[in-house]
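Asks: Right, I'll just put the structure down here and ask away after.
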Amino acid sequence: MAPDGITTADLDPFADVAKRDPYPIYARLREAGAAHKIMTPRGSRAWLVVRHAAASAALTDERLVRSIHQDNGTALGWATVPDALRSMVTQHMMNIDPPYHARLRRPVSRPFAPRNVATLAADIARTARRFLDALAEDEVVDVIGDFAKPFSRNVISDVLGIPIDDRDRVFAEIDTATNPAPAGPEAVHSALEALHAYIRRFIGEKIRHPDGGIISTLATNPGDLTAAEVTAAVFILLATGYEAPIHLIGNGVLALIDHPGHAPALQHAPHLVDALVRETLRYDTPIPVSPTRIATTDIRIEDTVVPAGDAVLVCLASANRDERVFPHPDSFDLHRDHAKVLSFSRGVHTCMGSHLATLTGRVGLSALLSRHRAPSLAPGIDRSELLWVDGILIRGLRTLPIAPHPA
Ligand code: HEM
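Okay, here's the thing in structure tokens:
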């Protein structure tokens, strides 16, 4: 441990060298304690909660709050944008605590309830087939760029009613706005500006021509939400609904490549794809840490006291590998009990799109596996050279080229 209490570089799970496999570092951190002081890649200090019991408790601890901090802006380089843009990236459910949180979540939550999501299954399966059918049979397929990205983008666009002709442009802006590392601050700001203008026009269009969809219903009947809050609601649905499902599919395929023994079982028992989705969420979740929370008072986390005012990140990826809860946590096991997996968080901020995400993952992986029954890396691709998405918010590959399927 460094003199200021920050974990040393060899125990930094967010260092570039740990990108390929942060799990041995998480294991060492869990062994050493429940919470550790770390430096995030953007240079801010935070406590990382790594054991399952402590993580689970932190996610429902009302003394840890979101709204006084609104770190989304800081972590992504959005903090310096003009006020109108800031309201779009901050005034949504993810940044607000109870009792006000429900006011922003309730108006958009109903379509994401299990019963309503289940009605989308056939449409989502058609979307998956459409993108797979467009791929050449005898060529290398990039699971991320050729399939998961366009598939996920179209699923959430259909759900939100984004016109087909607008999709490429909107998600190119979302990509830039949510991935500051390659883009740089100016590109991020102009992407946010373009998104703000687009969302305002889109809402206006839904008011003029209501279509009964989620955004149309919200726009024509906003209740007590302000225009800025409706804009922020559309923004957070676009930003959260698109990227994580891409990497649920990518990380699931990678897990099968690394554990080829599961492919025959999946062929003979297609219902196991549901377990594949759940085990991928445990074993290699696309969202490894929760959004930042701030301690409103001194908070004891096992042997550690987090002082009031400090930032806390809950490491969902580490909690999911805690040996105290999951036996043999580093083995990829479709038959284990997934009830305690924390990938969708817990408490009031539990992922609102969890049912849509698991359905998208299940349908996408089923479709891919019906064509690539035993996926393997494309010839000439070295597993250790696969490139991971930058930053700590997403865990997923930039590209995942797999071999053509046997005829
Ligand atoms: C595999 C895919 C996904 C994963 C792993 C995931 C995970 C998460 C996590 C960890 C949070 C933060 C909870 C917290 O602060 O404690 C969250 C929040 C949220 N997610 Fe997801 N998510 C996924 C897909 C989706 C999809 C498809 C949508 C659809 C719109 C969505 C909508 C949301 C929303 C709106 C929130 C904010 C909830 C609130 O603060 O009340 N997510 N998600």
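Quick note on my numbering: the sequence shown kicks off at 128 and runs consecutively.
Built from N, CA and C at the ideal position, the CB exists for glycine as well.
Cβ of residue 232 versus every heavy atom of ligand 1: is any distance shorter than 7 Å?
Replies: Residue 232 Cβ: within cutoff of ligand 1.
Asks: Taking only three categories from DSSP, how would you classify residue 397?
Replies: Note: residue 397 maps to helix in three-state DSSP.
Asks: Measuring from the CB of residue 248, is there a heavy atom of ligand 1 at a distance below 7 Å?
Replies: Result no, Cβ not under 7 Å from ligand 1.
Asks: Out of 469, 412, 359 and 471, which has the shortest C-alpha to C-alpha gap to residue 215?
Replies: 359
Asks: If you compare alpha carbons, which of 146, 492 and 362 is closest to residue 514?
Replies: Among 146, 492 and 362, the Cα nearest to that of residue 514 belongs to 146.
Asks: Could you tell me if the beta carbon of residue 372 falls within a distance shorter than 7 Å of some heavy atom in ligand 1?
Replies: Residue 372: yes, Cβ under 7 Å from ligand 1.
Asks: Can you find a heavy atom of ligand 1 that lies under 7 Å from the Cβ of residue 228?
Replies: The answer is yes for residue 228.
Asks: So if DSSP puts residue 164 in a beta bridge, which residue, or which two residues, is it bridged to?
Replies: 133 and 174
Asks: I'd like to confirm something about residue 476: is its beta-carbon nearer than 7 Å to some heavy atom of ligand 1, or not?
Replies: yes
Asks: Which two residues bound the contiguous alpha helix (DSSP H) that contains residue 367?
Replies: 354-385
Asks: For the pair the segment 414-432 and the segment 188-195, tell me if three or more CB-CB distances fall below 8 Å.
Replies: Yes, the segment 414-432 touches the segment 188-195.
Asks: Would you identify the three-state DSSP class for residue 291, choosing helix, strand or coil?
Replies: helix
Asks: Under a three-way DSSP split, which group does residue 427 fall into?
Replies: strand
Asks: In terms of residue numbering, what span does the beta strand (DSSP E) encompassing residue 420 cover?
Replies: 420-422
Asks: Check residue 440 in the structure and name its three-state DSSP category.
Replies: strand
Asks: With DSSP as the reference, identify every bridge partner of residue 528, one or two as the case may be.
Replies: Per DSSP, the beta-bridge partners of residue 528 are 269.
Asks: Is the CB-CB distance between residue 297 and residue 325 below 8 Å?
Replies: yes
Asks: Would the C-beta of residue 221 count as close to ligand 1, meaning under 7 Å from any of its heavy atoms?
Replies: yes
Asks: So if DSSP puts residue 433 in a beta bridge, which residue, or which two residues, is it bridged to?
Replies: According to DSSP, residue 433 bridges with 426.
Asks: Since I believe residue 168 is in contact with residue 519 (beta carbons under 8 Å), could you give me their beta-carbon distance rounded to a whole number of angstroms?
Replies: 6 Å
Asks: Taking the Cβ atom as the reference point for each residue, do residue 530 and residue 492 lie within a distance shorter than 8 Å?
Replies: no
Asks: At a cut-off of 7 Å, would you count residue 412 as near ligand 1, judging by its Cβ distance to the nearest heavy atom?
Replies: yes
Asks: Quick check on residue 394: buried or exposed, where buried means 16 or more other Cβ atoms within 10 Å of its Cβ?
Replies: exposed
Asks: By how many angstroms is the C-alpha of residue 517 removed from the C-alpha of residue 160?
Replies: 27 Å
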